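Reviewing the structure listed below.
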Amino acid sequence: MQVAVSKRLQRSPQHIRSLFERFGIYIFLAILIVTASLVSPNFLKPQNLKDILNQSAALGMVAIGQTFVILIGGGGLDLSVASVMSTVAVIMAHNTEGQNSLFIPVMGVCLLFGIIVGFINGTLITKRKVQPFMATLGMMIIVQGIRFLYTKGMPKGEFPPIQRYLATGDIGSVPTSIISLAVMVIIALFVLRKTTFGRKVYAIGGNVNTARLCGYNIDFTIISVYMISGFMASIAGLYLAGWIGISDNWVGKGYELDSIAAVVMGGTTFEGGRGGVLGTIVGVLIVMMLYNIVLLLGMPVQMQFVVKGVVIILATSFYASFRRTQT
Amino acid sequence: MRIGLLKRHSAVFIVYVILAILILTTGLLSDVFLTFRNLENLLRQVAPLGFVSVGQTFAILTAGIDLSIGSVVSMTSVLTTGMIEGQQQLVLPVLVLVFGLAILIGFINGTIISKTGVHPLIVTLGMMSVVQGGILLYTKAPTGSVPISYDFVAWGNVWKIPFPILLFASVATIAIIFLRLTVFGRYVYATGGNEEVARLSGIKTGRVKTIVYMICSFTAALTGIMLASRMGMGDPLVGERYMLDSIIPVLIGGTRLTGGVGGVAGTIGGIFIFIILSNALNLLDVTAYWQWIVEGLVVIVSVSLYFRQKR
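First to last, the protein sequences are chains S and U.
Quick note: the first sequence, position 171, residue 171 per the working numbering, numbers continuous.
Quick note: the second sequence, position 57, residue 1057 per the working numbering, numbers continuous.
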């Protein structure tokens, strides 16, 4: 990392700007943490920090998938993630009815469901040339319909204790959800940075035509990316459901837009090819910290929306101002 | 020449063919559909979605999108009823205030988008969050009331034609004239088609975008007022569904998310498809859950049909 930075310094005359572009989000996070600890003494308590990280897990997982989809460019984004999340939650609750023995097979079904939704999304986008926005919006509505047909509007059942443990328990003093998120971040980082698949994602996001001329299988990569997003959404759905603990038709409502906001705040651009998973996670942490600060200050819960909106706009425009002046 | 015209408007053409097929099939399958009562009801339903979709068409034509539209709908609905509280003399000042506020929100959206270059999806998403939070701070439950005269907006008739559809027809006509026949309309298409080229040819693209988002918020305010009149009270969550629902008719109608292609004529077709479809499914006793599935399929199928044509 250090080497990369110093190379950039030599190459670019406007190195300070590019530094800001690269690390702006981290600076933002640091400022936020300092401000938060100044306004509320409770903020830096271990339990509170643990809560923030715990709450970030599900959004973080969705956002990892979303990062892949947005990186691929061409207007790529996945609006169907929240619908997938709620659907796997009701599948789990209905079929296991709280029995541990059924957890693994049903989880397999859930993950398969997410992957299938992603596959359909990807196929529509590559083979039928539907815009990602429309394809995933359509899938969002269809999956919602399927969910309500399945539950007949009244979700029932319970989650198995093992799922509750995975979402809310601790290993030693570290919450399991943080460990899982960390593992997924590392895998995602590895895939994006060290594998040919990751290179293809960046290449296609950077310039589809060049990537095609390089002989990359564009369609296959795009479909895989949507499958990753569906897969991550179903894991996140199971986590969030385990965290909440009640079978509900709307688990994860709003996560599709929150995850997109986190990804963009983290520096991944809609044009594709720029950005990455680490920034996304910082974006998620910022959103969750803001929620937390609002509550610590004893403000009404609704203030969360206001603060979140203001910060999304401020962070992204702060960021964009560096990016724009650079070119 | 005729082929050229057809080709140029192929998307609009397809939309109206789909609409005609939809009307014919529903008419054959259900004997209630073509009754006067049902059609009147249907026309009243067109207006609320219609306004926002027309506004959204402008935003999408400039390669943007406005997600804050839903929260502006809720805001106007809640603020009008909440402040009027059934008092006749307050109607006019409150309406002025509410429209002013809505246009201000559009102005802020447009200014941020054009000055910073942040993607409209993100800016308007943030704005949605701010406005929605503000509304929920104002009230958490449906509130307020309107004077009886206010009912006219949603329930009145002019020469036996429902007032909402007349209002919608005039808004749509103005929008079409605006886009097709004025310089500003050309600027909108130019900005959406290729912003860089438009800017280099001397169009103030930033100003065009700002106006476009102001139009968007204005139409959202119209919808909010229509809904407040229809229900007689303001609901802080009434606009939620319009955030995405307003986009669907625009894209079904052949306007492209990449901007510069499409128009209000297609959107109107899209709105009617959307409304008639849900009406038809209701008449045919299809449960709400199946309706979602059909709706999603229509979104995907119509858009992919259209794209097939283009390539």
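Don't be surprised by glycine CBs; every beta carbon is placed ideally from N, CA and C.
The structure presented is a predicted model; accordingly, all values stated were derived computationally and were not measured.
- When C-beta distances to chain U are compared with 8 Å, the residues of the segment 113-135 of chain S below that value are Leu-124, Arg-128, Lys-129, Val-130, Gln-131, Phe-133, Met-134 and Ala-135, in chain order.
- Residues of the segment 297-312 of chain S with a C-beta atom less than 9 Å from some C-beta of chain U are Pro-300, Val-301, Gln-302, Met-303, Gln-304, Phe-305, Val-306, Val-307, Lys-308, Gly-309, Val-310, Val-311 and Ile-312, listed in chain order.
- If you compare the alpha carbons of S:Trp-250, S:Asn-54, S:Leu-71 and S:Ala-58 with that of S:Val-264, the shortest gap goes to S:Leu-71.
- In the DSSP assignment, U:Cys-1216 falls within the unbroken alpha helix (DSSP H) covering 1205-1231.
- Our two residues, U:Asn-1041 and U:Leu-1281, have alpha carbons roughly 15 Å apart in a direct line.
- Under the rule that a run must span 4 or more residues, the alpha helix (DSSP H) segments found entirely inside the segment 1054-1091 of chain U read 1069-1084.
- Among the residues of the segment 1052-1063 of chain U, none has a Cβ less than 8 Å away from any Cβ of chain S.
- With a minimum length of 4 residues, the unbroken runs of alpha helix (DSSP H) contained wholly in the segment 155-215 of chain S fall at 161-168, 176-194, 196-206 and 208-213.
- The C-alpha of S:Val-307 is placed about 20 Å away from the C-alpha of S:Gly-279.
- By the 16-neighbour rule on beta-carbons within 10 angstroms, U:Leu-1034 is exposed.
- Minimum Cα-Cα distance from S:Val-69 among the listed residues S:Ala-188, S:Val-282 and S:Leu-149 corresponds to S:Ala-188.
- Under the DSSP assignment, S:Asp-51 falls in the alpha helix (DSSP H) whose first and last residues are 46-71.
- Judged by pairs of C-beta atoms under 8 Å, the segment 140-147 of chain S touches the segment 1277-1293 of chain U, as three or more such pairs exist.
- Here DSSP, grouped into helix, strand and coil, assigns U:Thr-1143 to strand.
- Look at the beta carbons and you see the segment 47-56 of chain S touching the segment 283-298 of chain S: at least three pairs across the two are nearer than 8 Å.
- When C-beta distances to chain U are compared with 9 Å, the residues of the segment 75-103 of chain S below that value are Gly-75, Leu-77 and Leu-79, in chain order.
- Among the residues of chain S, those whose CB is under 8 Å from the CB of U:Ile-1112 are Ile-313 and Ser-317, following chain order.
- Contact between the segment 1126-1144 of chain U and the segment 292-311 of chain S is established, with three or more Cβ pairs separated by less than 8 Å.
- For the segment 141-160 of chain S, the beta-carbon criterion of a distance under 7 Å to any beta-carbon of chain U is satisfied by Ile-141, Ile-142, Gln-144, Gly-145, Ile-146, Phe-148 and Leu-149.
- For the options U:Phe-1058, U:Leu-1097, U:Phe-1218 and U:Val-1303, the alpha carbon positioned closest to that of U:Arg-1180 is the one of U:Phe-1058.
- Contacts with chain U at 8 Å (Cβ-Cβ) include S:Ser-321.
- Only those residues of the segment 1075-1095 of chain U whose C-beta falls short of 7 Å from the nearest C-beta of chain S would be listed, and there are none.
- Under the Cβ criterion of 8 Å, U:Ile-1271 is not counted among the residues facing chain S.
- At a cut-off of 8 Å between C-beta atoms, S:Leu-44 does not count as an interface residue with respect to chain U.
- Boundaries of the alpha helix (DSSP H) harbouring U:Thr-1267: 1264-1283, taken from the DSSP string.
- Inter-segment contact for the segment 1062-1079 of chain U and the segment 1219-1231 of chain U is present: three or more beta-carbon pairs are separated by less than 8 Å.
- The C-alpha of U:Leu-1022 lies about 8 Å from the C-alpha of U:Ile-1276.
- When secondary structure is reduced to three states using DSSP, U:Pro-1120 falls in the helix class.
- Our two residues, U:Met-1243 and U:Ile-1135, have alpha carbons roughly 15 Å apart in a direct line.
- The segment 238-248 of chain S makes contact with the segment 92-111 of chain S, as at least three CB pairs between them are under 8 Å.
- Residues of the segment 267-295 of chain S with a C-beta less than 7 Å from any C-beta of chain U: Phe-270, listed in chain order.
- Looking at S:Met-154, S:Ile-204 and S:Phe-220, the one whose alpha-carbon comes closest to that of S:Trp-250 is S:Met-154.
- Residue environment for U:Phe-1152: exposed (fewer than 16 other C-beta atoms within 10 angstroms of its C-beta).
- In the three-state reduction of the DSSP assignment, U:Ile-1161 falls in the strand class, which pools E and B.
- Here U:Gly-1234 is bridged, per DSSP, to U:Thr-1143.
- At a cut-off of 8 Å between beta carbons, U:Glu-1295 contacts chain S.
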